[in-house]
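Residue numbers (my numbering): 777 to 1172. All C-beta atoms in this analysis are idealised placements derived from N, C-alpha and C, irrespective of residue type, glycine included. Computed from a prediction, not measured in an experiment: that's the story for all the values here. Remarks on the structure that follows.
What follows is the structure, encoded as structure tokens:
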């Protein structure tokens, strides 16, 4: 029997596609689907099953495996550079992650807080001094995490338009194979040149420290490529989605403004509700495995429907409701297991600083376009909003 085509468009920004929910509510919660690439993959839709897969070494994270779930018919352009840590399995993965995990500890992130606060304030100053309405995406959501990751890596921020255009091309499902390869090649050439300069003249930044530790420049290139793209696209989209959600809920927004201790639990709920990188937890089986009574054979692609899992009623009470005081951290928005997102502490801190500062400094902030009229990113691999027009009332 032919497997139905995977549905990727959300009928509601706050909920997974209806087909994902239907699969989750079947007896097993597991089904076959046909991906846009033409591959037929197993789809996991329950939190219990996805977390089990992400901690089972019989599933591989190697994107170079021809059976790894993909959304284009062409093989990804990974031959241009070495595998990054998200593509590695044990035992290779452990040492590679250990080499960089110290850059993302809670303590090191706390040291970045004053500079991130300064960056946020500078961009809010500029937005307030400009015309109304303003596009929150261009004024704040995108430049803040972009500047933060550039400074952390040691990438000149004045080149941000160069890598923004190319990272957008890589994340768009509409980009051709040739366009994708060109974007990867141009980004790699840029980063190779930057890394060579840092090798010749050491710098005190993440890339410079990786080189100083004796790491191979090719490995540093793969790391830089991963962090540069993942380090700003994901947080930028969460800022936009989070602000829209808060502005649509004035009573809860007022509660957050009155008590900033509520912000971090609200961030966890927003991460759960949106699950913007909903297929990032996908894997390929390297041995026969049984999950939920279903036998998955070695070589089978396995798609993680993480958005459906993060709305799983078996894991979250009133799972389809947005409860900003829920604070549950058992979601898989940042993954789970050995590949859990390296930058999650940084992302949470950036979101906290942005939300708290916006609420404090612009109490009259409001949407200039109704939320249901905004253009949501159903055409890219990371969910978000293309543009968020906002305006505000001057303080009395």
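A direct Cα-Cα distance of roughly 11 Å separates residue 868 from residue 838.
In this structure, residue 819 keeps its C-beta atom at 9 Å or more from the C-beta atom of residue 995. In the three-state reduction of the DSSP assignment, residue 910 falls in the strand class. In this structure, the CA atom of residue 785 is about 6 Å from the CA atom of residue 793. Secondary structure note for residue 1070: its beta strand (DSSP E) is the uninterrupted segment 1070-1072. If you check the CB distance, residue 796 and residue 1081 come in under 9 Å. Here residue 1100 carries a coil assignment [DSSP, helix/strand/coil].
Per DSSP, reduced to three states, the secondary structure at residue 1152 is strand. For residue 820, the enclosing beta strand (DSSP E) starts and ends at 816-820. 835 is the residue among 835, 928, 904, 802 whose C-alpha sits nearest the C-alpha of residue 1058. Under the 8 Å Cβ criterion, the region 1004-1018 does not count as touching the region 982-991, having fewer than three qualifying pairs. Beyond the five residues adjoining it in sequence on each side, residue 1033 comes within less than 8 Å, by CB distance, of 1135, 1136, 1139 in the same chain, given in chain order. When secondary structure is reduced to three states using DSSP, residue 1143 falls in the strand class. Fewer than three pairs of CB atoms, one per stretch, sit closer than 8 Å, so the region 968-976 makes no contact with the region 824-832. Per DSSP, reduced to three states, the secondary structure at residue 836 is strand.
By alpha-carbon distance to residue 1016, the top candidate from 1062, 1153, 858, 841 is 1153. Between the C-alpha atoms of residue 961 and residue 1038 there is a straight-line separation of about 43 Å. Residue 943 carries a helical assignment under DSSP once its states are collapsed to helix, strand and coil. The C-beta distance from residue 1056 to residue 1111 rounds to 7 Å, short enough to fall under 8 Å. Straight-line spacing of the CA atoms in residue 968 and residue 884 works out to 26 Å.
Residue environment: residue 878 is assigned as exposed (fewer than 16 neighbouring CB atoms within 10 Å of its CB, all protein chains considered).
Take residue 917, set aside five residues on each side of it, and the residues of its chain with a beta-carbon closer than 6 Å to its own are 1012, 1015, 1016, in chain order. Put simply, the backbone Cα of residue 810 is about 20 Å away from that of residue 953. Put simply, of 1083, 1145, 966 the residue whose alpha carbon is nearest the alpha carbon of residue 798 is 1083. The alpha carbon of residue 987 has as its nearest neighbour, out of 807, 930, 1151, 800, the alpha carbon of 930.
Assignment of residue 1126 by DSSP, reduced to helix, strand and coil, places it in the helix class.
Taking C-beta separations shorter than 8 Å and ignoring five residues to either side along the sequence, the partners of residue 947 in its chain run 1005, 1009, 1156, 1157, 1158, following chain order. By the Cβ-count criterion, residue 1050 is buried, with 16 or more other Cβ atoms from all chains shown falling within 10 Å of its own Cβ.
Non-local beta-carbon contacts of residue 826 in its own chain, meaning distances under 7 Å to residues more than five positions away in sequence, involve 820, 1057, 1080, 1082, 1085, 1108 in chain order. Cα atoms of residue 951 and residue 1031: separation of roughly 42 Å, rounded to the nearest angstrom. Annotated as proximal: residue 1068 and residue 822, with beta-carbon spacing under 9 Å.
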